[in-house]
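Inspection log for the structure reproduced underneath, given as structure tokens.
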Amino acid sequence: MTARADAVACTACEVHTESTYRIEGMDCHDEVQLLERRLAHLPGLERFTADILNQRLRVTHDASRLSAAAVAEAVNATGMRAWLEHERLSALISRGSSSRVRLVALSGIAFAAGFLMQVGGLGPGLVIPAYLFAIGAGGVNTVRRAWSSARAFSLDINVLMLVAVAGAMIIGEWSEAAAVIFLFALAQWLETRSMDRARHAIRALMELAPADALVRRDGREQRVAVDELIVGDTIIVKPGEKIPIDGRITDGGSDVNQAPITGESLPVDKHVGDDLFAGTINGHGALEIRVTRLGRDTTMARIINLVEVAQAQRAPSQSFVERFARYYTPAVIVAAAIVALVAPALFGQPFGSWFYRALVLLVISCPCALVISTPVSIVSALAGAARRGVLIKGGAHLERTAEVRVVAFDKTGTLTRGHPEVVDVISVNGVVPAEILRLAAAVEARSEHPVARAILRRAQHDDSPLPAGEGFRALPGLGAEASVGGEHVLVGNHRLFEERALCSPAIDRQLDELGRAGRTAVLVARGGRTVGIIGVADAIRDSGRAAVSRLRQGGIERVVMLTGDNAQTAAAIGSALGVDEWRAELLPADKVAAIEDLKRRYGAVAMVGDGVNDAPALAAADVGIAMGAAGTDAALETADVALMADELLAVPYFLRLGRATVRNIRTNIAVALGLKALFLGLAIAGAATLWMAVAADMGASLLVIANGLRLLESD
Ligand code: ADP
Ligand code: MG
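Quick note on the working numbering: the sequence shown kicks off at 2 and runs consecutively.
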């Protein structure tokens with residue numbers, strides 16, 4: 002993400018943003034001056050204000066030319082540190098826009114008055130002042146912007162518009178001049194407003210976390226501002242209230258509506274020990290919560306930050322549009338010059354009529370609708386997805402998703418719930434089930450694997466004291482080992498036991514049977530002898546089948562399951578879900594190889610996993626999608642796409658959205674280019690008027706925006 006100085010300068014299509022940073026190290030006036038010097042030259046930067054007292058820097062910039070991250074980089078280059086901050090935005094959005102509305106309205110009224118007087122046959126002594134007033138009121142912002150870009154020696158749409166308006170006044174086309182200025186101001190205002198709507202859609206939803214909290218300190222309950230809470234405080238949330246911070250329940254239980262974070266419509270049951278997110282809504286129970294995260298560390302703040310950083314990135318089709326626009330604008334300006342200076346000599350018609358055509362060309366030389374076509378679609382799609390609990394780390398992923406042919410799923414924790422239960426304990430060589438469980442549990446006590454937790458739960462259930470394992474070693478994708486009571490104990494899957502030559506035909510038969518029932522077989526060996534098999538079952542997620550069939554309907558050629566589990570279990574679960582193919586007994590590195598193989602065979606691959614175990618495979622895929630990311634920081638930060646909820650149907654939704662976005666962008670580009678081509682022809686033929694050209698431009702921009710905003714609602 003770097004700012005590019007050579008991007009097209011087109012103020013009408015700017016993507017205005019205001020970012021607020023917290024600056025570490027900005028303590029005195031000298032540092033502000035240092036920042037001023039550093040920031041002043043960033044292209045796309047409009048304005049900034051420094052607040053030393055609160056160490057805040059507020060920057061207004063054009064996000065299509067200067068990303069929020071590039072501003073932070075520039076600050077970091079001074080030795081200070083910049084953090085994007087998220088505060089209540091509602092006030093910001095409306096601020097400054099009301100005076101603008103008034104000016105646009107004044108301009109419109111004056112224009113209408115002038116027009117009516119002209120039609121009514123009143124003399125120029127009344128008509129021209131009305132038009133002049135319309136030009137003055139509508140042109141304030143244009144002049145200001147034109148001036149700032151003229152100083153930077155850039156050919157900005159504002160400059161071009163002013164030239165066109167001045168030209169129109171010179172040849173006495175007063176009504177045209179006023180119409181152009183008014184429509185142009187109106188278009189800019191409408192564009193900014195609708196872009197803001199898309200840009201802040203995600204905040205509007207999440208910004209609603211309460212500003213204060215009921216905290217218990219020294220046995221007394223008091224309301225304090227959320228800013229004053231510290232990690233470790235205990236706060237109380239009453240039924241129906243919003244949860245103000247991230248925390249863990251220490252007392253009570255409730256149903257919590259997590260839709261603002263995960264997009265899930267159904268409330269989730271929460272008990273002591275469960276984590277809660279700021280911005281979610283407490284249901285019927287009263288809760289005591291220990292504060293775990295505050296301010297910009299909360300999941301909500303991080304989501305907002307990630308979405309906004311993603312929105313500020315440029316998507317591949319945007320670069321195409323910008324390359325095009327870089328040639329288009331100068332080419333049309335040159336054409337305008339030729340029409341004004343050369344055509345009268347060639348065709349011998351009066352200078353005035355060619356001059357007018359040249360002015361029309363100037364007006365349509367700005368590729369406004371074209372430049373706005375991609376960002377508006379991407380920004381809307383990203384915001385709409387975030388509202389549904391799908392966090393996409395940039396438009397590039399959406400565009401790549403449209404190419405995806407294959408979706409690969411990890412099994413455990415992704416297609417299955419990831420909460421396995423022990424359902425069978427089978428003795429081998431006469432060791433009793435309780436002993437098998439005790440041995441396995443002693444090893445698994447140190448493991449984080451879901452299978453390990455299932456075994457531990459079951460062993461603790463039987464409540465005989467567990468022996469302690471020593472020298473624990475995890476064998477990723479295979480199992481684990483430790484020494485228990487002086488003897489080596491090995492726990493793991495068939496592949497591991499084959500490698501260690503601990504299988505026999507009798508054991509294999511047992512494994513086949515467990516596998517056919519869709520169970521994961523965990524073998525246990527003590528002192529180099531297999532002593533038992535533990536059958537573990539993990540329920541398939543309810544929406545698994547539906548998700549697979551929707552993917553197929555959506556045009557995915559192949560749905561594949563990748564798993565470290567054994568072949569029979571994979572087959573049982575894979576066929577229950579209706580996937581096309583499953584690959585079993587894969588180590589993490591094998592999953593990466595499987596992804597590469599799928600890429601070679603079918604084309605672009607999306608991989609869906611839990612983001613922790615499966616990070617290498619997610620990285621190897623064209624698009625890496627992590628599930629259940631709300632709880633795990635690593636998944637939230639590293640995957641291309643993070644599904645906040647454990648909801649498989651979000652996968653087909655995301656793939657549909659990718660395709661819809663690319664279609665949307667193509668439509669936008671076609672509309673923008675088509676209208677330009679049409680008016681270019683009309684202008685040269687002398688059939689287009691100035692106000693028609695501006696109106697067409699505005700129409701194209703608004704059409705493109707309206708089309709882009711549809712992605713906010715698509716599902
Ligand atoms: P998946 O690909 O299904 O998500 P993993 O790669 O995490 O699974 O593990 C693959 C297989 O290795 C599991 O199905 C299990 O049989 C075995 N395994 C891994 N770790 C352990 C463990 N700590 N205890 C028992 N079995 C394990
Ligand atoms: Mg897994």
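For glycine and all other residues, C-beta sits at the position ideal for the given N, C-alpha and C.
- Between R401 and V624, the C-beta gap is smaller than 8 angstroms, which places the two residues in contact.
- Taking C-beta atoms as the reference points, A646 and G390 count as a pair closer than 8 angstroms.
- Residue nearest to D641 within the set I541, A397, S366 and Q119 is A397 (criterion: CA-CA distance).
- Annotation: E648 to K412 spans about 14 angstroms, alpha carbon to alpha carbon.
- Taking a 10 Å sphere around the C-beta of H495, we find 16 or more other C-beta atoms and assign the residue as buried.
- A distance criterion of 7 angstroms places the beta-carbon of D566 in contact range of the ligand ADP, judged by its closest non-hydrogen atom.
- When DSSP reads this structure, K271 sits in a beta bridge with S255.
- Where I290 is concerned, there is no enclosing alpha helix (DSSP H), although the beta strand (DSSP E) around it starts and stops at L288 to R294.
- Distances between the C-beta of L479 and the heavy atoms of the ligand ADP include at least one below 7 angstroms.
- R315 sits in coil when the DSSP states are folded into three classes, being neither helix nor strand.
- H462 carries a helical assignment under DSSP once its states are collapsed to helix, strand and coil.
- Fully enclosed beta strand (DSSP E) runs of no fewer than 3 residues occupy 624-627 and 642-644 of the region 618-683, in order along the chain.
- With a threshold of 16 other beta carbon atoms within 10 Å, K239 falls short and is exposed.
- In the three-state DSSP reduction, V216 falls in the strand class (E or B).
- Per DSSP, reduced to three states, the secondary structure at S20 is strand.
- Nearest C-alpha to F498 among L362, A522, R198 and E488: A522.
- Assignment of H495 by DSSP, reduced to helix, strand and coil, places it in the helix class.
- Straight through space, the alpha carbons of R57 and R23 are spaced by roughly 5 angstroms.
- Nearest to L184 by C-alpha distance, out of S715, A336 and M699, is M699.
- W583 sits buried, since 16 or more C-beta atoms from the chains shown fall within 10 Å of its C-beta.
- The straight-line gap separating the alpha-carbon atoms of E404 and D611 is approximately 23 angstroms.
- Within the chosen limit of 7 angstroms, the ligand ADP does not reach the beta carbon of V408 with any heavy atom.
- Taking 8 angstroms as the upper bound for CB-CB distance, I236 and A212 are not in contact here, some 13 angstroms apart.
- When secondary structure is reduced to three states using DSSP, S100 falls in the helix class.
- Each of D157, A71, G124 and N142 was checked against the Cα of L104, and the nearest Cα belongs to N142.
- Boundaries for R418: no beta strand (DSSP E) harbours it, and the DSSP string shows neither H nor E there.
- Counting only runs of at least 4 residues, the region 541-622 fully encloses the following alpha helix (DSSP H) elements, listed from N- to C-terminal order: 545-554, 568-578, 589-603 and 616-621.
- The continuous alpha helix (DSSP H) containing Q511 extends over residues P506 to R517.
- In the DSSP assignment, L392 is bridged to A643.
- Secondary structure note for T235: it is in no alpha helix (DSSP H), and the uninterrupted beta strand (DSSP E) holding it is T235 to V238.
- Each of V343, D543 and A370 was checked against the Cα of G675, and the nearest Cα belongs to A370.
- Not one heavy atom of the ligand ADP is found less than 7 angstroms from the C-beta of A442.
- A344 and A643 have their alpha carbons spaced roughly 58 angstroms apart.
- R38 sits in a helix when the DSSP states are folded into three classes.
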